[in-house]
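Participant: Structure in structure tokens, see below.
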Amino acid sequence: MKREEWDKKLGTCKERNFEFTTVSGLPTKVVYTPDDITGFEHDRDLGYPGEFPYVRGVYTNMYRGRLWTMRQFSGFGTPRDTNKRYKYLLKHGQTGLSVAFDFPTLYGRDSDDSFSRGEVGKCGVAVDSLRDMEILFSGIPLDRISTSMTINPPAAMLLAMYIAVGEKQGVPPRVLTGTIQNDMLKEYQAQKTWIYPPKPSMRIITDILKYCSEKVPRWNTISISGYHIREAGSTALQELAFTLKNGFTYVEHGMAAGLPVDKFAPRLSFFFNAHLDFFEEIAKYRAARRIWAHMMREKFNAQDPRSFLMRFHTQTAGCTLTAQQPENNIMRTAYQALSAVLGGTQSLHTNSMDETYALPTEKAVKIALRTQQLLAYETGVAHTIDPLGGSYYVEALTNELEKGANEYFEKIDRLGGVIPAIEKGFFQKEISRSAYKYQKALEKHDKYHVGVNIFEEEEKPGIEILKIPPEVERYQIRQLRKLRKERNNRRVKEALGLLRKAARDGGNLMPRILDCVREYTTLGEMCSTLKEEFDVYHEPIIF
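Numbering (this note's numbering), first residue to last: -9 to 533.
Right, here's the structure in full:
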């Protein structure tokens, strides 16, 4: 049957009265053919897995050689509480750790700071000093486990604590594997846990790049995160474009600081969101790999093929989880996890069904982990590499997303780059507009959220909730004050003085931070010292 005949036949069929688009607003055709994937710059640029431009995967054998790392994001209460949860997850088959810190830690505050009141241990684990980090990883061999830490303004301090714990275990820094998020640009754009202004923040990041390239070569120094951009309300297209542009900005700053691109680019990694528009998510990951590979080779003149590889972690979308009918979140998470795997992720976190209410219970987090294991061992999706490669629809979407991302790159360049665009409020406005548009679509029933605006029920869910008792905060404060009495405060003062001097003189901050950490200087003391030198960031008023 010719296309004209098929179109005529289609015209006689009844269709739902609905406008079909992706979450990003890209129109979805009724059918896709080879004509839809020609005419683009990369229409023939598909290739094979493990070959430039890596649209089909960064490794030649992908999951046939090794499954993705199952890395459940976890942290709550005291370090001892979280250490027990880590051992529970490892016992049940988790293959990597991912640390969730509480709000005071994210903001570089100690647990007894007035700012921290009521938040200690609530949304993650409280870490005030090296002593807490020692407890957090007690009995967990750092030479055999990979750890990701979602931490940004105080990333240098938490990395230093991890290095020091490794030293106490007899594990040299060159052996440690893992990731610190360390992505400050997206903090100003979306998540908003900042301390210092952009310029000193970028200095700290480049100091970490320099230090780790020499001393901790297997560590991923920045996890360039689109996850929080998406959680703030962006579309998939905006997540793709803003994340990649942030990544290019880190490369530019690293090179401007005198680092050869191939010295640090292989240790950059990415962190994406897996949302509910199934095929758009898969296409997003494929487009990201292709854009990154071409830019690293053609703009930044990287020579090492490892610099071309976009390796990324994925977390399922927390913003899609609902308090209504929370068991539905199990299915949402499973579909999102499937899109991440079909898109070629290197590691994955699956959200728990109860996270709209509280941090997950052991039962809920085990179901989330089992979701990944079922996907890996029962569905067959890991048996062949890039099973959707060559799909007319997926390839057309990949091209459309790449085209849209390039248009965003040009807009940001016209504003002077990422940091000037942040100062002008560009990203914040774009994300807030998309969030508003999506919410209005839900309210008008142009888009659906099962249990929220369709198939609603009145009965209340009866699920177990994890509660963090007030005693956690009191206990953490007692332990912190005890630490301050027991440590050598003269040496703490000396170490902080050297940190201040390095901040003023332009020396690399990492060795001085490590000296502070080894003396059990607290996170708040180190961050306060740098605040006195670097000032604090105040977001511009955006209308």
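Cβ atoms here follow ideal geometry from the backbone N, Cα and C, with glycine treated the same way.
Give me whichever residues DSSP pairs with GLN305 in a beta bridge.
Facilitator: In the DSSP output, where bridge partners are listed per residue, GLN305 has ASN263, HIS339.
Participant: Nearest to PRO24 by alpha carbon, out of LYS419, GLY55, VAL384?
Facilitator: If we check each option's Cα against that of PRO24, VAL384 comes out closest.
Participant: Among ASN498, ILE531, GLU461, ARG471, which one has its Cα closest to the Cα of GLU109?
Facilitator: Out of ASN498, ILE531, GLU461, ARG471, GLU461 has the C-alpha closest to the C-alpha of GLU109.
Participant: Put ASN172 into one of helix, strand or coil per three-state DSSP.
Facilitator: In this structure, ASN172 counts as coil in the three-state DSSP scheme.
Participant: Do the stretch 178 to 197 and the stretch 150 to 159 touch if we need at least three Cβ pairs shorter than 8 Å?
Facilitator: No, the stretch 178 to 197 does not touch the stretch 150 to 159.
Participant: Based on the DSSP output, what are the partners of ILE27 in its beta bridges?
Facilitator: Per DSSP, none; premise fails for ILE27.
Participant: Please go through the same chain and pick out, in chain order, the residues whose beta-carbon is closer than 6 Å to the beta-carbon of ALA386, but skip the five residues on each side of it.
Facilitator: The answer, listed in chain order, is TYR22, ASP26, ILE27.
Participant: With burial defined as no fewer than 16 other Cβ atoms inside 10 Å of the residue's Cβ, what is the status of LYS176: buried or exposed?
Facilitator: So LYS176 ends up on the buried side.
Participant: Identify every residue that forms a DSSP beta bridge with PHE91.
Facilitator: DSSP lists VAL115 as partners of PHE91.
Participant: Select from THR95, VAL355, THR239, LEU499 the residue whose C-alpha is nearest the C-alpha of GLY406.
Facilitator: The shortest Cα separation from GLY406 among THR95, VAL355, THR239, LEU499 belongs to THR239.
Participant: Can you check DSSP and say which residues form a bridge with LYS17?
Facilitator: In the sequence as presented, Lys is not what sits at residue 17; that position holds Pro. BP columns for PRO17 point to THR11.
Participant: For TRP184, does the count of other Cβ atoms within 10 angstroms reach 16, so buried, or fall short, so exposed?
Facilitator: With 16 or more other Cβ atoms within 10 Å, it is buried.
Participant: Using a Cβ-Cβ cutoff of less than 7 Å, which residues in the same chain neighbour THR310 once the five nearest sequence positions on both sides are dropped?
Facilitator: Once the five neighbours on either side are set aside, the close Cβ partners of THR310 are HIS265, LEU266, ARG322.
Participant: Mapping the DSSP letters down to three states, classify GLY156 as helix, strand or coil.
Facilitator: In the structure shown, GLY156 sits in a helix (DSSP, three-state: H, G or I).
Participant: On a CA-only basis, which of VAL48, LEU365, GLU392, GLU221 is nearest SER422? Give me that one, please.
Facilitator: Taking only the C-alpha atoms, the option nearest SER422 is GLU221.
Participant: Between the Cα of ASP376 and those of GLN315, THR312, ASN51, ASN236, spot the shortest distance and give me the residue it belongs to.
Facilitator: ASP376 has its Cα closest to that of ASN51, out of GLN315, THR312, ASN51, ASN236.
Participant: Shortest alpha-carbon distance to ARG134 belongs to which of LEU96, ASN443, GLY156?
Facilitator: Checked all of LEU96, ASN443, GLY156; the closest Cα to ARG134 is GLY156.
Participant: Here's the rule I'm using: 16 or more other beta-carbon atoms within 10 Å means buried, otherwise exposed. How should GLN228 be labelled?
Facilitator: Buried, because 16 or more other Cβ atoms sit within 10 Å of the Cβ of GLN228.
Participant: Just mark ALA246 as buried or exposed, buried being the case when its beta carbon has 16 or more other beta carbons within 10 Å.
Facilitator: Classification for ALA246: exposed.
Participant: Tell me which residue opens and which closes the beta strand (DSSP E) that THR540 is part of.
Facilitator: Within the shown structure, residues of the chain are numbered from -9 to 533, placing residue 540 beyond reach of any answer.
Participant: Identify whether ASN478 lies in helix, strand or coil by the three-state DSSP scheme.
Facilitator: Here ASN478 sits in coil by DSSP.
Participant: When the Cα atoms are used, what is the spatial distance from ASP294 to ARG279?
Facilitator: Whole-angstrom Cα-Cα distance: 16 Å.
Participant: Where does THR59 sit, in a helix, a strand or coil, going by DSSP?
Facilitator: Strand, per DSSP.
Participant: Could you tell me whether the stretch 186 to 199 touches the stretch 160 to 169, where touching means 3 or more Cβ pairs closer than 8 Å?
Facilitator: No, because fewer than three Cβ pairs between the stretch 186 to 199 and the stretch 160 to 169 fall closer than 8 Å, the two stretches do not touch.
Participant: Take every Cβ of the stretch 334 to 344, pair it with every Cβ of the stretch 445 to 455, and state whether three or more of those distances are shorter than 8 Å.
Facilitator: The stretch 334 to 344, when compared against the stretch 445 to 455, does touch it at the 8 Å Cβ threshold.
Participant: Could you have a look at ASN73 and say whether DSSP puts it in helix, strand or coil?
Facilitator: ASN73 falls in the helix class under three-state DSSP.
Participant: For VAL161, name the three-state secondary structure that DSSP assigns.
Facilitator: If DSSP states are grouped into helix, strand and coil, VAL161 belongs with coil.
Participant: Since VAL89 and GLY67 should fall inside the 8 Å C-beta cutoff, what is the C-beta to C-beta distance between them, to a whole number of angstroms?
Facilitator: Contact flag wrong, Cβ pair sits at about 13 Å.
Participant: Tell me ASN210's beta-bridge partners as DSSP assigns them.
Facilitator: DSSP output for ASN210 lists THR169 as bridge partner(s).
Participant: If you draw a straight line from the C-alpha of LEU249 to the C-alpha of ILE195, how long is it?
Facilitator: For LEU249 and ILE195, the distance between alpha carbons rounds to 13 Å.
Participant: For the alpha helix (DSSP H) that ILE375 lies in, which residues bound it at each end?
Facilitator: Premise fails: ILE375 is in no alpha helix (DSSP H) and is neither H nor E.
Participant: Using the C-alpha atoms, what's the distance from LYS205 back to LEU359?
Facilitator: Distance between the alpha carbons of LEU359 and LYS205: 33 Å.
Participant: Go ahead and pull the three-state DSSP assignment for VAL440.
Facilitator: Residue state, collapsed to three classes: strand.
Participant: Measure the alpha-carbon distance for ASP403 versus HIS528 and round it to whole angstroms.
Facilitator: Cα-Cα distance, rounded: 23 Å.
Participant: With three or more beta-carbon pairs closer than 8 Å as the criterion, would you say the stretch 459 to 477 touches the stretch 324 to 335?
Facilitator: Taking 8 Å as the limit for Cβ pairs, the verdict is that the stretch 324 to 335 does not touch the stretch 459 to 477.
Participant: Please report how far the alpha carbon of THR85 lies from the alpha carbon of PRO94, in whole angstroms.
Facilitator: Using only the alpha carbons, I get a separation of about 28 Å.
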